[in-house]
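Just so you know, the sequences run in chain order A and B. If you're matching positions, the first sequence starts at 1 in the working numbering and goes up one per residue. If you're matching positions, the second sequence starts at 1 in the working numbering and goes up one per residue. All residues carry an ideal CB built from backbone N, CA and C; glycine is no exception.
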Amino acid sequence: MRKITYRDALREALREEMLRDSSVFLLGEDIGRYWGGAFKVTDGLAQEFGDERVRDTPISESAIIGTAVGAAITGMRPVAEIMFGDLTALAMDQIANQAAKIRYMFGGQTKCPLVIRTPFGAGVNIASHHSQSLEAWFMHVPGLYVAVPSTPYDAKGLLKTAIRGSNPVFFCEHKLLYPIEGEVPEEEYTIPFGKAEVKREGADVTVVATMYMVHKALSAAKQLEKEGLSVEIVDPRTLTPLDRRAIVASVRKTGRIVVVSEDCKTAGVSAEIAAVVAEEALDYLDAPVKRVAEPDTPIPFSPPLEQHVIPDEKAIIKAIKEVV
Amino acid sequence: MTLDLPKESLVKMYRKMLEIRFFEEKVFGLYGQNLVPGTIHLYAGEEAVAVGVCSALSKDDYITSTHRGHGHCIAKGADLKRTMAEILGKKTGYCKGKGGSMHIADFSIGMLGATAVVGAGLPIAVGAGLSARLRKTGQVVACFFGEGASNQGTFHESINMASAWKLPVIFVCENNLYAMGTRQSRIMNIENIADRAVSYGIPGVSVDGNDVLAVYEAACVAVERARRVEGPTLIECKTYRQKGHSRVDPAKYRPREEVEGWLQRDPIKRLRHKLIQTVISTEAELQEIEKEVSSEIEDAVKFAVESTFPAPEEALEDVYAQI
Ligand SMILES: Cc1ncc(C[n+]2csc(CCOP(=O)(O)OP(=O)(O)O)c2C)c(N)n1
Chain A
1 MRKITYRDAL REALREEMLR DSSVFLLGED IGRYWGGAFK VTDGLAQEFG DERVRDTPIS
61 ESAIIGTAVG AAITGMRPVA EIMFGDLTAL AMDQIANQAA KIRYMFGGQT KCPLVIRTPF
121 GAGVNIASHH SQSLEAWFMH VPGLYVAVPS TPYDAKGLLK TAIRGSNPVF FCEHKLLYPI
181 EGEVPEEEYT IPFGKAEVKR EGADVTVVAT MYMVHKALSA AKQLEKEGLS VEIVDPRTLT
241 PLDRRAIVAS VRKTGRIVVV SEDCKTAGVS AEIAAVVAEE ALDYLDAPVK RVAEPDTPIP
301 FSPPLEQHVI PDEKAIIKAI KEVV
Chain B
1 MTLDLPKESL VKMYRKMLEI RFFEEKVFGL YGQNLVPGTI HLYAGEEAVA VGVCSALSKD
61 DYITSTHRGH GHCIAKGADL KRTMAEILGK KTGYCKGKGG SMHIADFSIG MLGATAVVGA
121 GLPIAVGAGL SARLRKTGQV VACFFGEGAS NQGTFHESIN MASAWKLPVI FVCENNLYAM
181 GTRQSRIMNI ENIADRAVSY GIPGVSVDGN DVLAVYEAAC VAVERARRVE GPTLIECKTY
241 RQKGHSRVDP AKYRPREEVE GWLQRDPIKR LRHKLIQTVI STEAELQEIE KEVSSEIEDA
301 VKFAVESTFP APEEALEDVY AQI
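Now the structure itself:
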């Protein structure tokens, strides 16, 4: 099968959905013909679809999302880009109080088919305002879906589902994933929300990992294989809805679990997954749940400091060895 | 450009602008040698703004800064060595390597820090102005931001609040025509950001931001107004970044004639020309200054390069204050 990058897979999804449905349009800062998006995801789309449908905005995050909400409840399907995940904080009212609640609060009269794409993640030395992983903020808002693709295949399939759906989707990307290559078929496909994927089968221990951490977990698993340990890796792919069943099924098989997520540990993605296991799989556990996550600090700038806070293969291996 | 200032002040402004320019040229070079982690946003071409404004402030006045902040730091009097060390991620840097290029601060000289969230500095400046009022210190606050930031809600909310409360804040818009690749005319229906001052009932002035004396004069008027408790001023400085938005941006979206036109109006060359033309300084005097500044910058680079990186565990420090 052909291989393409995560970035190209996202662009293909956007392009195909724009061709399929004229109500789909894009808006965001520098996504148009002069820049093509800070991470080049929308590169070339303005040339193909015009500046009306690939719309450069002023630096006004709150109004970008608010505008998208207004368009979504009146018949359009906006896909908004926020240049860095950290900057979604500026649009939090429109995301959490408006987009997420507009259907419920008005008794189901309207739908808000809106996608917010944004990159999270540390590792490129751009410090505390451009490196956070804030997925958990959005898991805490009923009314939003949260997608966390880790591969080009998942990125394309999930983005298509997000655009075609009837609800606001917070679509998390990761800076370090954009150049990663993976198999993506030429033919059309979508991936349903709420369906985890076992990225690697194993018998001794379950690792639930998301986004860039899936790749670190895979590499850790490879190393442990040489030591005779068989690691199963489950990638939830969407955090809301969360495929609790797949997580429980894997734990039932292995009896041990390590949750790996790049965000801060306290009240983070890993906390929710650990809670699911505690509620639904306690009887299957042969060891306590282990979490590998960022410590509760902002992301520092200097390389040795930053490397210290990002979970790595070593930390994953150590955690796995502690539970087996 | 009026020159009725003492020679000493004029030469000092020249020197500060040169410090910034040479500093930025070094940062540009060090980045190419892979010694600067992350990204950088250079201030080259905009020196007259920071230097003109900071020359109108006293040491204990405050400033707030942006992602394009090296020039603000240097103009306010920051130590070149510690500034460079921070950009290289060293332990001897102003923020012990936690901040980097986009987040330098020196609270000891009233430099309240650079935020990389576009538009986030404005309300913080208003808060510092409010604090100066409540503490009855007479300090003023200069707040730097780009024309791109003027489309954030914080711009409007902050200026309105400062105006309503007559706070001692000077809002300094560095209008370099582009926010990344987005030209101002494509996302705003006005040419002068200063026009927006009307909505808040405060003075708004547009000045040639590549003329350090024009900036200085406008800043002096604003500082006096602030100290008289008459409220804030919005100063728009028309300027241009000589390089791309960040180090990796070739800035192909800017017409070549436009870039060349602005290079002709280089703020440092202009002041130099004036100083010579009016016989305030001699060629030899200026060359001496250039040599001195150049060696100061070399020292800063040496200091920064030779400094050690912080120990990894230091990442966990400074999250909370201990007392
Ligand atoms: C709130 C926010 N939105 C977007 C960005 C990404 N970004 C960084 S600098 C920049 C352009 C800023 O333009 P302007 O305010 O005019 O300052 P300049 O870079 O021209 O000095 C953008 C969009 C950001 N850092 N913060």
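What residues from chain B crowd round residue i, counting only those whose CB sits closer than 9 Å?
i, result
"TRP137(A)", "None at all; the shortest Cβ gap to chain B is about 16 Å."
"LEU134(A)", "Chain B residues near LEU134(A): none, gap ~14 Å exceeds 9 Å."
"LEU87(A)", "VAL117, VAL118"
Using a beta-carbon distance below 7 Å, is residue i in contact with chain B?
i, result
"ASN125(A)", "yes"
"GLY161(A)", "A quick correction: the sequence has Thr, not Gly, at residue 161(A). Chain B, which has no Cβ nearer than 7 Å to the Cβ of THR161(A), makes this no."
"ILE59(A)", "yes"
"VAL208(A)", "no"
"SER230(A)", "no"
"PRO119(A)", "no"
"ASP30(A)", "yes"
By the criterion of Cβ-Cβ separation under 7 Å, what are the contact partners of residue i in chain A?
i, result
"TYR253(B)", "TYR34"
"PRO123(B)", "Residues of chain A passing the Cβ test: none, with the nearest at roughly 12 Å."
"LEU316(B)", "PRO295, THR297"
"VAL118(B)", "ILE59"
"GLU313(B)", "HIS308"
Does any residue of chain A have a CB that is nearer than 7 Å to the CB of residue i?
i, result
"HIS273(B)", "no"
"GLY244(B)", "no"
"THR182(B)", "yes"
"ASN151(B)", "yes"
"GLY113(B)", "no"
"VAL319(B)", "yes"
"VAL259(B)", "no"
"LYS269(B)", "no"
"PRO250(B)", "no"
"LYS98(B)", "yes"
"ALA179(B)", "yes"
"GLY148(B)", "yes"
"ILE159(B)", "no"
"GLY29(B)", "no"
"GLN89(B)", "The sequence shown places Gly at residue 89(B), not Gln. GLY89(B) counts as touching chain A."
List, in order along the chain, the chain A residues whose C-beta lies closer than 9 Å to that of residue i?
i, result
"THR39(B)", "VAL124, ASN125, ILE126, HIS130"
"ILE193(B)", "Simply none; closest approach about 12 Å."
"ILE280(B)", "Correct list: empty, because the minimum Cβ distance to chain A is about 41 Å."
Using the beta-carbon of each residue, which ones in chain B are nearer than 8 Å to residue i?
i, result
"ASP93(A)", "Neighbours of ASP93(A) on chain B: none; closest Cβ ~10 Å, over 8 Å."
"LEU26(A)", "Here the premise fails: no neighbours, minimum Cβ distance about 15 Å."
"GLN109(A)", "Within chain B, no residue comes near GLN109(A); the closest Cβ sits about 28 Å away, beyond 8 Å."
Please list the terminal residues of the continuous alpha helix (DSSP H) segment that includes residue i.
i, result
"VAL27(B)", "7-32"
"ASN175(B)", "That residue, ASN175(B), is in no alpha helix (DSSP H); its beta strand (DSSP E) goes 169-175."
"LEU234(B)", "No alpha helix (DSSP H) contains LEU234(B), which is instead part of the beta strand (DSSP E) from 233-238."
"LEU239(A)", "Looking at the DSSP string, LEU239(A) is not in any alpha helix (DSSP H); the run it does join, the beta strand (DSSP E), is 238-240."
"ILE320(A)", "313-323"
"LYS328(A)", "Because chain A in this structure spans residues 1 to 324, residue 328(A) falls outside the shown range and cannot be described."
"VAL212(B)", "212-227"
What are the boundary residues of the beta strand (DSSP E) that residue i is part of?
i, result
"VAL207(A)", "205-209"
"PHE120(A)", "115-120"
"HIS353(A)", "Coverage of chain A is limited to positions 1 through 324, which leaves residue 353(A) absent and any answer about it impossible."
"MET111(B)", "111-114"
"PHE25(A)", "24-28"
"LYS98(B)", "Unbroken run through LYS98(B): none, as it is neither H nor E."
"PHE303(B)", "That residue, PHE303(B), is in no beta strand (DSSP E); its alpha helix (DSSP H) goes 283-306."
"ASP138(A)", "Before going on, a small fix: residue 138(A) reads as Phe here, not Asp. That residue, PHE138(A), is in no beta strand (DSSP E); its alpha helix (DSSP H) goes 135-139."
"VAL248(B)", "Here VAL248(B) belongs to no beta strand (DSSP E), and DSSP marks it neither H nor E."
Taking C-beta pairs closer than 8 Å, name the residues in chain A that residue i reaches, listed in chain order.
i, result
"HIS103(B)", "ALA127, SER128, HIS129, PHE301"
"LYS166(B)", "Those do not exist, as LYS166(B) stays about 27 Å from chain A at its closest Cβ, beyond 8 Å."
"ILE187(B)", "ASP56, THR57, PRO58"
How would you list, in chain order, the residues of chain C whose beta-carbon sits under 7 Å from the beta-carbon of residue i?
i, result
"PHE171(B)", "Chain labels in this structure do not include chain C; the protein chains are A and B."
Run down chain B in chain order and give the residues with a C-beta less than 7 Å from the C-beta of residue i.
i, result
"SER62(A)", "GLY153"
"LEU305(A)", "GLY97, LYS98, PRO310, PRO312, GLU314, ALA315"
"LEU19(A)", "Within 7 Å Cβ-Cβ: nothing; LEU19(A) doesn't reach chain B, min ~25 Å."
With a threshold of 8 Å, are at least 3 pairs of Cβ atoms found where one atom belongs to the region 104-118 of chain A and the other to the region 196-215 of chain A?
no
Do the region 33-51 of chain B and the region 237-254 of chain B meet, that is, are 3 or more Cβ pairs less than 8 Å apart?
yes
Quick check: the region 73-81 of chain B against the region 29-36 of chain B, are at least 3 beta-carbon pairs closer than 8 Å?
no
Under 8 Å: do the region 5-18 of chain A and the region 60-72 of chain A share three or more Cβ pairs, one atom per stretch?
no
Taking contact to mean 3 or more Cβ pairs, one atom from each stretch, closer than 8 Å, check whether the region 183-200 of chain A and the region 154-166 of chain A are in contact.
yes
Would the region 34-42 of chain A and the region 163-171 of chain A be scored as touching if the rule is three or more Cβ pairs under 8 Å?
no
Given 8 Å as the limit, is there contact between the region 282-297 of chain A and the region 253-262 of chain A, that is, 3 or more CB pairs closer than that?
yes
Tell me, please, whether the region 61-75 of chain B touches the region 286-295 of chain B by the rule of three or more beta-carbon pairs shorter than 8 Å.
no
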